[in-house]
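Numbering (the numbering used here), first residue to last: 463 to 956.
Glycine included, every Cβ here is placed at the ideal spot set by N, Cα and C.
As structure tokens, the structure follows; a few thoughts come after it.
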Amino acid sequence: MTTQPGIYEVPEPVAVATDYPTLAMHIDGRWTDGSGDRREAVINPATGTPLGSVPLAEKADLDAALAAAARGYRIWRDTPVERRSRILRRAADLLRERAPQIGRVMTLEQGKALSEAVGEVQRVATLLDWDCEEGRRAYGRIIPTGPGETLTVRREPIGPVAAFTPWNFPAGSPMRKIAAALSAGCSIVIKASEEVPATACALVRCFEEAGVPAGVLNLVFGVPAEVSEHLVASPTIRFVAFTGSVPVGKKLAGLAAAVMKPTIMELGGHAPVIICDDVDPAAAAAACARGKYTNAGQVCTSPSRFFVHDSIHDEFVDAFVKASEAVVVGDGLAPGVQMGPLANERRRAAVRRLVDDARDRGAAVLTGGEDLPGPGFFYRPTVLADVPADAEILRDEPFGPVAPVIRFRALDDAIAQANALPYGLAAYGFTHRADTVARLTDAFEAGILSINHVGGSVPQAPSGGFKESGHGREGGSEGLDGYLVTKRVSHRLA
Ligand code: NAD
463 MTTQPGIYEV PEPVAVATDY PTLAMHIDGR WTDGSGDRRE AVINPATGTP LGSVPLAEKA
523 DLDAALAAAA RGYRIWRDTP VERRSRILRR AADLLRERAP QIGRVMTLEQ GKALSEAVGE
583 VQRVATLLDW DCEEGRRAYG RIIPTGPGET LTVRREPIGP VAAFTPWNFP AGSPMRKIAA
643 ALSAGCSIVI KASEEVPATA CALVRCFEEA GVPAGVLNLV FGVPAEVSEH LVASPTIRFV
703 AFTGSVPVGK KLAGLAAAVM KPTIMELGGH APVIICDDVD PAAAAAACAR GKYTNAGQVC
763 TSPSRFFVHD SIHDEFVDAF VKASEAVVVG DGLAPGVQMG PLANERRRAA VRRLVDDARD
823 RGAAVLTGGE DLPGPGFFYR PTVLADVPAD AEILRDEPFG PVAPVIRFRA LDDAIAQANA
883 LPYGLAAYGF THRADTVARL TDAFEAGILS INHVGGSVPQ APSGGFKESG HGREGGSEGL
943 DGYLVTKRVS HRLA
């Protein structure tokens with residue numbers, strides 16, 4: 463173990479590239495490199511070195527996946543729901559069994575600490591359990607009418623789904639789409655991230671071995687814009703699901719609107735945290751730091767603007783700095799590491815730019831504010847104070863290990879600033895006063911609100927955004943809504 467001057471203990475990187483699997487697409491029940499010869503390198507963000515390469519789909523491969531999804535849909539839709547549910551539960555069991563191995567692969571390609579990666583795989587198994595049970599409860603209803611007539615409302619699978627997922631939750635994001643689609647009786651063509659493809663391949667293998675028929679679950683990789691333009695426009699596709707940035711979400715929602723297809727959009731946020739004067743500043747800072755540095759801050763719900771009451775501001779900031787400096791940063795596979803690198807150099811450059819802009823405009827960099835020396839895309843946990851209102855980091859989601867702190871005196875001012883951005887995904891409040899909890903609960907324009915902790919997503923409750931953070935919900939009893947279509951049937955008996 464080496465020690466970075468004064469601040470972090472950085473475990474030695476681990477030599478691992480040899481246990482990275484071979485990558486392929488999964489089309490119509492077969493693993494394939496596709497019909498072309500284009501490939502993209504996959505980089506270990508902890509070392510900056512290549513792990514392998516992923517094949518990129520040509521149009522012919524996408525057409526094969528679409529034809530397979532059309533066939534797979536008819537088979538899966540007509541499979542009794544009990545049988546579908548049994549197969550999906552078997553896939554969830556395989557995921558749980560394989561969580562240590564899949565987690566390791568995820569850390570290699572994405573960088574997050576191994577404990578987080580293994581936990582993510584275990585959580586997706588639970589999510590799959592939940593969604594497939596919801597599939598068994600996709601009830602319709604009977605509406606009272608006169609004698610001789612029945613009026614019913616049925617919910618049917620909408621049809622083949624096209625889904626696109628990013629690199630920050632290599633298991634969590636794809637599983638939210640796959641679990642909902644398959645539980646509703648849909649087939650799916652999913653383009654998972656080319657930057658973290660092995661985790662997606664490992665998930666698909668569990669479904670395949672559990673007995674999901676060929677064509678139901680198709681996995682492709684490719685040039686993102688090429689793939690989405692082709693899939694979204696195809697008449698085979700009936701629903702479009704995306705997780706990622708707001709600009710790309712708008713683009714895909716536009717493509718879908720042009721052909722009148724419904725979408726679910728899980729987009730970025732810039733989550734405000736309001737810390738009131740009645741809480742213990744050290745305890746609040748410890749909770750905020752734990753939430754902030756999860757997945758190196760690359761979480762769409764990551765707390766990212768900290769509004770702290772003036773009377774406890776200095777104590778909060780001191781405790782946040784101490785907690786930030788105690789985070790063990792390093793290769794996610796090394797024992798004891800709590801925070802890995804940024805997932806790619808593109809992300810580190812964006813974080814660096816936002817911190818430098820804040821510093822240039824007069825913010826105080828209390829800790830961090832720079833890369834870690836050596837290989838890999840590491841950036842130090844960073845706390846910024848006295849951040850001026852015109853700093854870009856107060857408008858652009860940092861999506862990295864950076865905590866900008868802003869002082870407030872009146873709660874109304876903090877709420878106004880919290881709601882001032884066009885985003886509304888997550889929000890956090892710290893207070894023990896019942897009237898302030900009620901005020902924050904009413905006022906926050908966000909789809910996910912946590913009070914006195916930085917909560918993560920759970921399968922039994924819905925996640926999704928207000929405003930430009932997107933629409934539709936994943937998880938909870940709402941999670942299958944987009945993947946089902948409603949049919950009204952009136953039946954006269956004579
Ligand atoms: P990006 O906007 O280029 O890409 C985001 C994701 O969308 C990537 O996985 C990419 O492969 C995919 N994508 C891009 N163009 C696409 C297209 N035309 N069709 C289909 N998929 C497409 O940015 P990035 O550098 O990967 O990430 C930067 C920003 O994205 C972050 O700052 C964050 O705001 C946002 N992001 C959000 C989430 C989330 O969970 N909501 C996840 C990852 C990234």
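Rounded to whole angstroms, what's the CA-CA distance from residue i to residue j? Just pull it up for me.
| i | j | result |
| --- | --- | --- |
| alanine 749 | aspartate 740 | 16 Å |
| tyrosine 755 | glutamate 611 | 60 Å |
| leucine 911 | glutamate 520 | 42 Å |
| glutamate 777 | proline 743 | 6 Å |
| serine 645 | proline 619 | 9 Å |
| isoleucine 699 | glutamine 922 | 28 Å |
| histidine 894 | phenylalanine 701 | 43 Å |
| valine 951 | valine 790 | 60 Å |
| valine 817 | isoleucine 855 | 7 Å |
| methionine 487 | isoleucine 564 | 17 Å |
| alanine 703 | isoleucine 640 | 10 Å |
| leucine 834 | tyrosine 841 | 5 Å |
| alanine 720 | proline 697 | 12 Å |
| tryptophan 538 | proline 609 | 36 Å |
| tryptophan 493 | glycine 706 | 26 Å |
| arginine 937 | alanine 888 | Per the sequence shown, the amino acid found at residue 937 is glycine instead of arginine. In a straight line, the C-alpha of glycine 937 is about 15 Å away from that of alanine 888. |
| arginine 460 | proline 606 | Not covered by the structure: residue 460. The range shown for the chain is 463 to 956. |
| alanine 865 | glycine 918 | 18 Å |
| aspartate 819 | arginine 901 | 34 Å |
| phenylalanine 626 | alanine 695 | 14 Å |
| histidine 953 | valine 678 | 32 Å |
| glycine 491 | leucine 485 | 15 Å |
| glycine 944 | aspartate 793 | 39 Å |
| leucine 513 | proline 507 | 10 Å |
| valine 685 | isoleucine 489 | 17 Å |
| cysteine 668 | isoleucine 549 | 10 Å |
| glycine 453 | alanine 676 | Absent from the structure is residue 453, since the part of the chain shown begins at 463 and ends at 956. |
| alanine 905 | arginine 501 | 48 Å |
| serine 649 | tyrosine 535 | 5 Å |
So the alpha helix (DSSP H) residue i belongs to, where does it begin and stop?
| i | result |
| --- | --- |
| glycine 753 | 743-755 |
| methionine 568 | 543-572 |
| methionine 637 | 634-646 |
| phenylalanine 839 | It is not in any alpha helix (DSSP H) - phenylalanine 839 carries neither H nor E in the DSSP assignment. |
| glycine 711 | 708-720 |
| glutamate 671 | 659-672 |
| arginine 501 | That residue, arginine 501, is in no alpha helix (DSSP H); its beta strand (DSSP E) goes 501-506. |
| glycine 534 | 521-539 |
| leucine 693 | 686-695 |
Is the beta carbon of residue i less than 7 Å from the beta carbon of residue j?
| i | j | result |
| --- | --- | --- |
| serine 547 | arginine 585 | no |
| alanine 642 | glycine 941 | yes |
| glycine 573 | leucine 729 | no |
| tyrosine 890 | lysine 929 | no |
| proline 803 | glycine 831 | no |
| isoleucine 961 | valine 770 | With the chain represented from 463 up to 956, any question about residue 961 goes unanswered, as that position is not in the structure. |
| glutamate 656 | valine 516 | yes |
| threonine 614 | proline 632 | no |
| alanine 876 | phenylalanine 870 | yes |
| asparagine 680 | alanine 532 | no |
| phenylalanine 892 | alanine 751 | no |
| proline 850 | arginine 823 | yes |
| glutamate 571 | valine 658 | yes |
| glycine 934 | isoleucine 604 | no |
| leucine 795 | threonine 509 | no |
| valine 682 | alanine 561 | no |
| arginine 1010 | alanine 587 | Nothing can be reported for residue 1010: it is not among the residues displayed for the chain, which extend from 463 to 956. |
| alanine 672 | leucine 556 | yes |
| leucine 828 | valine 783 | yes |
Over the uninterrupted beta strand (DSSP E) stretch that includes residue i, give me the two end residues.
| i | result |
| --- | --- |
| leucine 681 | 679-682 |
| histidine 732 | Run containing histidine 732: none; DSSP gives neither H nor E here. |
| leucine 590 | Segment 576-598 is the alpha helix (DSSP H) holding leucine 590; no beta strand (DSSP E) there. |
| tryptophan 493 | 492-494 |
| valine 951 | 946-954 |
| proline 619 | 611-619 |
| tyrosine 482 | Where tyrosine 482 is concerned, there is no enclosing beta strand (DSSP E), given that its DSSP letter is neither H nor E. |
| leucine 513 | 511-517 |
Checklist entry - What are the complete beta strand (DSSP E) segments, minimum 3 residues, inside the stretch 842-874? => result Considered as a whole, the stretch 842-874 harbours 844-847, 864-870 as its complete beta strand (DSSP E) runs of no fewer than 3 residues, in chain order.
Checklist entry - What runs of the beta strand (DSSP E), each 3 residues or longer, lie entirely inside the stretch 755-824? => result 765-771
Item to check | Completely contained beta strand (DSSP E) runs for the stretch 901-930, where each covers 3 or more residues | outcome: 910-913
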